[in-house]
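Per this note's numbering, residue 10 is the first one in the sequence shown, and the count goes up by one each step. Yeah, the Cβ is synthetic: ideal placement off N, Cα and C, and Gly gets one too. Since the structure is predicted, the reported quantities are computational estimates derived from the model, not experimental observations. Everything below concerns the one structure shown next.
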Amino acid sequence: MTNPLVTALRDLETDHRILDGIFAAVRTMALPCAPSQHCRIDECDEGSRCAQNMREHFHRSMFAVVGHFGREVKITRQLLSNEAFQRHIEQHGDISSALQQAIIDFSQSQDVKAAQAFICAIADQIDTHQRTQDIAFMSLVACSPQETNPVSQPSVAPAFITGHLPALPLTGNAQIDEEHARLHDILHRTLSLCHVSYPECTQCTSDTQHHCTDSAIDLITDALKFMVEHFRHEETLLKQHPQVAGVQAHLDNHAELSRRMSQLIGDYDDNNTALCLFRLVETLHVWLHKHILEHDQLFIDQMAAQASPLTTT
């Protein structure tokens, strides 16, 4: 029997794809006039057609956003703490207000180019919201069995793949938590690509193998690039607070994670994409649900405790 919550989460995942499609259409909307030409109905022979297209984009965007946010509120009310829920719906309100203001501005100015830029900025807002806020509860979708694709059904796989991923631990440091959310996104992208239940790619079709091989290098590259940037940021903080306990153990664990990530290149070069993706998921899981708890949270807590609120300048 299908879990109603999982079904609802999959509906939200469909909403995300619909929104992505709507905003992609706005981004690629071709205007017949020169880039330097001011875009207003009364100044352009094509203005009425462009303005009508933009009005349709606005209507589709508002309809999709309102419907999606309404469905998402029902789910997040069940899954998030009250504080996280309030933060979540505040962002909904900010995005909805921005979209409403864009519609009002366009009705007054009829400036299609300005409206296109405005709605693209809103699309970026929604993308950031999805990657930093929705990811915590949407993990239930990424890790549920794919009923329509028997090839991706797990046979023998680690518990954190066959079950639900734990919620992303938070340190309380906004920048670090946002960076961890980006890493969480890489983990979900990997699980969406392959449920890493098979030790060899030969059990998948040739087309699937080619797709995974092409995608795996992108995932590894993103993870390695993130690792370099994120560790540089964290280690700068560590050096600024050498008195905090466990600094060396923290740095040593960074080195171990770096070693494990570097091994992935060798797995990829051996043409064993399944093993490569398995180890990528395993390493990211250790990073997100062990390293953060044992090192990052403790460091941030100690750093905050040593910042005396009574200190004067």
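If residue i sits next to residue j, beta carbons under 8 Å apart, how far is it from one beta carbon to the other, in whole angstroms?
i	j	result
residue 229	residue 273	5 Å
residue 114	residue 127	7 Å
residue 266	residue 292	7 Å
residue 253	residue 184	With 8 Å as the limit, residue 253 and residue 184 do not qualify as a contact, their Cβ atoms being about 17 Å apart.
Quick one: using the 10 Å Cβ neighbour count with 16 as the cut-off for buried, is residue i buried or exposed?
i	result
residue 16	exposed
residue 287	buried
residue 237	exposed
residue 75	exposed
residue 302	exposed
residue 219	exposed
residue 130	exposed
residue 290	buried
residue 189	buried
residue 243	buried
residue 182	buried
residue 87	exposed
residue 313	exposed
residue 141	buried
Can you tell me which of the three DSSP states residue i falls into?
i	result
residue 181	coil
residue 237	helix
residue 30	helix
residue 59	helix
residue 255	coil
residue 312	helix
residue 246	helix
residue 38	coil
residue 89	coil
residue 214	coil
residue 24	helix
Could you tell me whether any non-hydrogen atom of the ligand MN is closer than 7 Å to the CB of residue i?
i	result
residue 186	Ligands displayed in this structure: none; no statement on the ligand MN is therefore possible.
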